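Structure first, commentary second.
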Amino acid sequence: MASKDGSHSIQEACAHVTELKERGNRKLAAKDFEGALCIYAEALRDLDALLEPGRGDASSVKQLAAALHSNSAQALMKQKRWLEAIDRCHAALRYDPSHSKSSWRGASCAVEVGMRDVAIAFAENGLLQNPSCAELLDLRSRLGPLYTPQSDGDGYGTADFADGGSDDEIRPASWHLPACTREAKRMPLKPGKEKGD
1 MASKDGSHSI QEACAHVTEL KERGNRKLAA KDFEGALCIY AEALRDLDAL LEPGRGDASS
61 VKQLAAALHS NSAQALMKQK RWLEAIDRCH AALRYDPSHS KSSWRGASCA VEVGMRDVAI
121 AFAENGLLQN PSCAELLDLR SRLGPLYTPQ SDGDGYGTAD FADGGSDDEI RPASWHLPAC
181 TREAKRMPLK PGKEKGD
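Residue 166 in UniProt numbering sits at position 166 of the sequence shown; the count goes up by one each step and never skips.
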């Protein structure tokens with residue numbers, strides 16, 4: 001039976017949303033990125049009612065919302081939907097500013113579309129919350145200073161990063177940084193307009 005404040009029903013709803021998150025994670029691991037996104041979206045819809053003011057322990061609900069948005073960002077990254085992934089990382093960080101994977105993912109996506117200043121902002125804001133996060137420190141050092149004048153005058157250096165990991169692969173050794181070259185700055189604003197793909 002539910003308690004007066006509805007905490008029992010909140011616990012049940014959180015358990016249901018957690019189950020959906022795990023189903024989405026299995027879809028993500030099976031490379032069914034669209035399926036994972038659909039399940040994460042369903043979980044976020046179910047979670048919305050729990051985020052209303054006065055509905056029990058909001059911190060655990062917010063952490064769950066941050067994880068769902070971050071996992072959605074990972075599925076979008078796997079599809080190279082960089083701008084949508086950046087939006088999901090922003091959403092995750094609104095719920096949990098200390099979610100370092102969201103900071104790392106947002107920065108990595110920004111690098112992919114040539115938004116170096118945005119990448120630096122993600123990394124620096126993540127480091128404000130988690131100053132010893134090795135992945136963010138490494139990414140930030142690879143990005144260099146906010147502006148570095150160079151002979152060609154574009155102000156940006158290049159770095160080569162490897163591919164990323166999923167939200168449940170919390171082993172930092174498995175985290176890698178995505179490819180970043182000067183070509184990323186030349187990517188079209190609308191996906192699907194590039195030649196040769």
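Glycine included, each C-beta is placed from N, C-alpha and C at the ideal position.
Remember, it's a predicted structure, so these values are computed and weren't measured experimentally.
- Item | Buried versus exposed call for Glu112 [16 or more other C-beta atoms within 10 Å across all chains shown] | Buried.
- Starting from the Cα of Ala43, find the closest Cα among Trp82, Arg140, Asp117 and Ala67 and give me that residue. For the residues Trp82, Arg140, Asp117 and Ala67, the minimum Cα distance to Ala43 belongs to Ala67.
- Alpha carbon of Pro97 to alpha carbon of Arg45, nearest angstrom: Approximately 21 Å, taken between the alpha carbons.
- Quick one: what does DSSP say Thr158 is sitting in, helix, strand or coil? Residue confidence is low: Thr158 scores 41 on pLDDT, short of 50, so the model does not pin down where it sits. No coordinate-derived value is stated.
- Task: Rounded to whole angstroms, what's the CA-CA distance from Cys109 to Phe122? Just pull it up for me.
- Result: One C-alpha to the other measures close to 10 Å.
- Query: Near Tyr156, which residues of its chain fall below 6 Å by C-beta distance, leaving aside the five closest residues on each side in sequence?
  - Reply: Confidence at Tyr156 is low in this model, with a pLDDT of 43, below 50, so the placement of that residue should be treated as unreliable; the coordinate-derived value is given next. If we look at Tyr156 and ignore the five residues flanking it on each side, its Cβ neighbours are Arg116.
- Kindly list the residues whose CB is nearer than 6 Å to the CB of Ala73, restricted to its own chain and excluding five residues on each side of it in sequence; keep chain order. Ala85, Arg88, Cys89 and Arg105, listed in sequence order.
- Item | Run of the alpha helix (DSSP H) containing residue 219, from where it starts to where it stops | Lying before the first or after the last residue shown, residue 219 is absent from the chain, which here runs from 1 to 197.
- Item | Three-state secondary structure assigned by DSSP to His99 | Three-state DSSP puts His99 in coil, outside helix and strand.
- Item | Cα-Cα separation, Asp32 to Arg142 | Their Cα atoms are separated by approximately 31 Å.
- Item | Cα-Cα separation between Asp48 and Asn130, rounded to whole angstroms | A direct Cα-to-Cα measurement between Asp48 and Asn130 gives close to 27 Å.
- Message: Please classify Ala65 as buried or exposed, where buried requires at least 16 other C-beta atoms within 10 Å of its C-beta.
- Response: By the 10 Å Cβ count, Ala65 comes out buried.
- Message: Tell me which residues share the same chain as Val118 and place their Cβ nearer than 6 Å to its Cβ, disregarding the 5 neighbours each side in the sequence.
- Response: Counting only residues of its own chain and dropping the five nearest sequence neighbours on each side, Val118 has a CB closer than 6 Å to the CB of Ala110.
- Message: Quick check on the burial criterion: 16 or more other C-beta atoms within 10 angstroms. Buried or exposed for Ala30?
- Response: Ala30 is exposed by the Cβ-count criterion.
- Task: Reducing DSSP to helix, strand and coil, say where Val113 ends up.
- Result: Three-state result, Val113: coil.
- Where His16 falls, given that 16 or more other Cβ within 10 Å makes a residue buried: Exposed, by the Cβ-count rule.
- Query: Straight-line CA distance for Ser100 to Gln79?
  - Reply: Those two C-alpha atoms are separated by around 21 Å.
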